[in-house]
Amino acid sequence: AQSVTQLDSQVPVFEEAPVELRCNYSSSVSVYLFWYVQYPNQGLQLLLKYLSGSTLVKGINGFEAEFNKSQTSFHLRKPSVHISDTAEYFCAVREADSGAGSYQLTFGKGTKLSVIP
Amino acid sequence: KAGVTQTPRYLIKTRGQQVTLSCSPISGHRSVSWYQQTPGQGLQFLFEYFSETQRNKGNFPGRFSGRQFSNSRSEMNVSTLELGDSALYLCASSLVTGSKGTEAFFGQGTRLTVV
Numbered sequence: 012a013q014s015v016t017q018l019d020s021q022v023p024v025f026e027e028a029p030v031e032l033r034c035n036y037s038s039s040v041s042v043y044l045f046w047y048v049q050y051p052n053q054g055l056q057l058l059l060k061y062l063s064g065s066t067l068v069k070g071i072n073g074f075e076a077e078f079n080k081s082q083t084s085f086h087l088r089k090p091s092v093h094i095s096d097t098a099e100y101f102c103a104v105r106e107a108d109s110g111a112g113s114y115q116l117t118f119g120k121g122t123k124l125s126v127i128p
Numbered sequence: 010k011a012g013v014t015q016t017p018r019y020l021i022k023t024r025g026q027q028v029t030l031s032c033s034p035i036s037g038h039r040s041v042s043w044y045q046q047t048p049g050q051g052l053q054f055l056f057e058y059f060s061e062t063q064r065n066k067g068n069f070p071g072r073f074s075g076r077q078f079s080n081s082r083s084e085m086n087v088s089t090l091e092l093g094d095s096a097l098y099l100c101a102s103s104l105v106t107g108s109k110g111t112e113a114f115f116g117q118g119t120r121l122t123v124v
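Residue numbers (the numbering used here), protein chains in the order written: chain A, 12 to 128; chain B, 10 to 124.
The structure is reproduced here in C-alpha cells:
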C-alpha cells in the first residue's frame, strides 16, 4: 500500500514570487508520481508526472517537480506564480509495473495555493 | 477530442434513495476509475473497471457498486443514501496501451448532495 503526505494544507504567496508545494510518499514498491491541479468546481488536470529517468520533470504552466528517492519526496515548484495559479494541488502515486495493470491512484490531502495580488 | 464526460453535473437526493452516476471515457480508453472527494477525507478510490470487469476496489461499503459496458462507458450506483455520501464523484479514464505510466484523465465530476 502507498500513502502520500502533503505537508502544507494552505500556501499563500504573492504574485510573481516563487512557490514550492511539498509532497512526501511512502511505499514498499516502486511508484509513479503525479501532480494534479483542481480549479473550483472542476475535475483534476495533470500538471506533470515522473515515471523514470531524469529526476527533474517539467510540466504545464511553468511548473516543475523533482523526484528524490532517498527522501521519498516529489516537491512541486514554480519560479514565478500568477493569479491564475490559485487552485488546489494534489500529489498522487501509483504502483509501478503493477502487472495486472491497475491504474489506482493514491492522493494526498491537497494544498490550496492562494496567489495574492 | 472529447474529454471524460460525467452526467449529471449536480444531483440532490434524499436519504434512503439510490442514485446512478454515469461516465463516458475518452474514446479508445478502456480503463475507468471512480473516486469520491470530500473535504474531510479528500480523494478516495472507489473502484476501477477494465473491459467490463472490476479490477480493483477501494474500502467502501457494498452500497457502492459499479459496472462497465462494452463501449467502456461506466456507471456507479449508490443505494440507501446517507448524508455522508454527499461528495464530488470523479471519474477517470486511462488508455491501456501496455506501456507504463499511462496517465488518468478526469471528468468534471458529479456533485451529489444528500438531504
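Just so it is clear, CB atoms sit at the ideal spot from N, CA and C, and this is done for glycine as well.
Computed from a predicted structure; not experimentally measured.
message: Does the stretch 76 to 86 of chain B come into contact with the stretch 84 to 96 of chain A, if we say contact requires no fewer than three beta-carbon pairs (one atom in each stretch) closer than 8 angstroms?
response: no
| query | With a cut-off of 8 angstroms, do at least 3 Cβ pairs link the stretch 37 to 57 of chain A to the stretch 20 to 32 of chain B? | reply | no
- Mind listing the chain B neighbours of A/Leu116? Cutoff is C-beta to C-beta under 9 angstroms, in chain order. Here the question's residue 116 of chain A lines up with position 105 in the first sequence. In chain order: Ser42, Tyr44, Leu52, Phe54, Ala101, Ala113.
**Message:** Which residue wins for smallest C-alpha separation from B/Phe78, given the options B/Val41, B/Gln15, B/Ala11?
**Reply:** The residue labelled residue 78 of chain B in the question sits at position 69 within the second sequence. Distances from the alpha-carbon of B/Phe78 to those of B/Val41, B/Gln15, B/Ala11 put B/Val41 closest.
| Listing by chain order, which chain B residues have their CB less than 7 angstroms from the CB of A/Gly121? | Counting from one through the first sequence, the residue named residue 121 of chain A turns up at place 110. Within chain B, the residues near A/Gly121 are Gly51.
Check whether the stretch 48 to 61 of chain B and the stretch 30 to 37 of chain B touch, using three or more Cβ-Cβ pairs below 8 angstroms as the test. no
What residues in the stretch 41 to 71 of chain A bring their beta carbon closer than 9 angstroms to a beta carbon of chain B? Tyr43, Phe45, Tyr47, Gln49, Asn52, Gln53, Gly54, Leu55, Gln56, Leu57, Lys60, Tyr61, Leu62, Ser63
Within chain B, the residues that A/Ser113 reaches when beta carbons sit closer than 7 angstroms = Along the first sequence, read from residue 1 onward, the residue named residue 113 of chain A stands at position 102. By Cβ distance, chain B contributes Glu57, Arg64, Asn65.
- Residues of chain B with CB under 7 angstroms from A/Phe101, in chain order? Position 90 of the first sequence holds residue 101 of chain A. Simply Leu52.
Rounded C-alpha distance that separates A/Gln115 from B/Glu57: By one-based count along the first sequence, residue 115 of chain A stands at place 104. By one-based count along the second sequence, residue 57 of chain B stands at place 48. About 7 angstroms.
Does chain A have any CB closer than 7 angstroms to the CB of B/Gly116?
As a working note, residue 116 of chain B is residue 107 in the second sequence. Closer than 7 angstroms to some Cβ of chain A, the Cβ of B/Gly116 qualifies, so yes.
Could you give the DSSP three-state label for B/Ser60: helix, strand or coil? As a first step, residue 60 of chain B must be located in the second sequence, where it is residue number 51. Of the three classes helix, strand and coil, the one that applies to B/Ser60 here is coil, per DSSP.
For A/Phe74, which residues from the same chain have a beta carbon less than 8 angstroms from its beta carbon, with the 5 sequence-adjacent residues on both sides left out?
Residue mapping note: residue 74 of chain A aligns to position 63 of the first sequence, counting from 1. Excluding residues within five positions, the ones whose Cβ falls inside 8 angstroms are Trp46, Leu58, Leu59, Leu87, Arg88, Lys89.
Buried or exposed: B/Thr119, going by 16 or more other Cβ atoms within 10 Å of its Cβ?
Counted from its first residue, the second sequence places residue 119 of chain B at position 110. When all chains shown are included, B/Thr119 counts as buried.
- Query: DSSP on B/Gly51, reduced to helix/strand/coil?
  - Reply: The residue given as residue 51 of chain B occupies position 42 in the second sequence. Reduced to three states, the DSSP call for B/Gly51 is strand.
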